[in-house]
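K.L.:
I have a structure here, written as structure tokens, and I will follow up with some questions on it.
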Amino acid sequence: MREARPTLCLGVTHADVELLQRNLSRLGYEIGPSGVNGIFDNHTENAVKKYQQDHNLTVDGTVGHLTGSHIDAALR
């Protein structure tokens, strides 16, 4: 069982943000001109919102358990 990951949202700087950005990019979502930098900025938030919209999830730009698990499953 994987350890609980932190909720990721605008302004957070964390290694999990870098992983999130890489995963969104792998899934075809644009994460902005700064690329993978580990900073949850407006570009990352917009990519998360687009992913959530595309997959009928609550569109709030925050990556909690549900959105994070959904992204993980999409990569399998």
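Under UniProt numbering, think of the first position of the sequence shown as 1, with each following residue one higher. Heads up, the beta-carbon is just placed ideally off N, CA and C, and yes, glycines get one too.
At a cut-off of 7 Å, would you count residue 58 as near the ligand ATP, judging by its Cβ distance to the nearest heavy atom?
P.N.:
In terms of ligand content, the structure shown is empty, and the ligand ATP therefore cannot be addressed.
K.L.:
Starting from the Cα of residue 56, find the closest Cα among 70, 45, 5 and give me that residue.
P.N.:
Locating residue 56 in the sequence shown gives position 56, counting from the first residue. Of 70, 45, 5, the residue nearest in Cα terms is 70.
K.L.:
Can you tell me the Cα-Cα spacing of residue 29 and residue 18, whole angstroms?
P.N.:
Within the sequence shown, the letter at position 29 stands for residue 29. Within the sequence shown, the letter at position 18 stands for residue 18. So the two alpha carbons sit approximately 14 Å from each other.
K.L.:
Locate the alpha helix (DSSP H) running through residue 67, then write down its first and last residues.
P.N.:
Mapped onto the sequence shown, residue 67 falls at position 67. Here the alpha helix (DSSP H) through residue 67 covers 65-74.
K.L.:
List the whole-angstrom C-beta distance separating residue 36 from residue 67, where the pair is believed to meet the contact cut-off of C-beta under 8 Å.
P.N.:
Numbered from 1 along the sequence shown, position 36 holds the residue referred to as residue 36. Numbered from 1 along the sequence shown, position 67 holds the residue referred to as residue 67. That belief does not hold up - the Cβ atoms of residue 36 and residue 67 are roughly 18 Å apart, past 8 Å.
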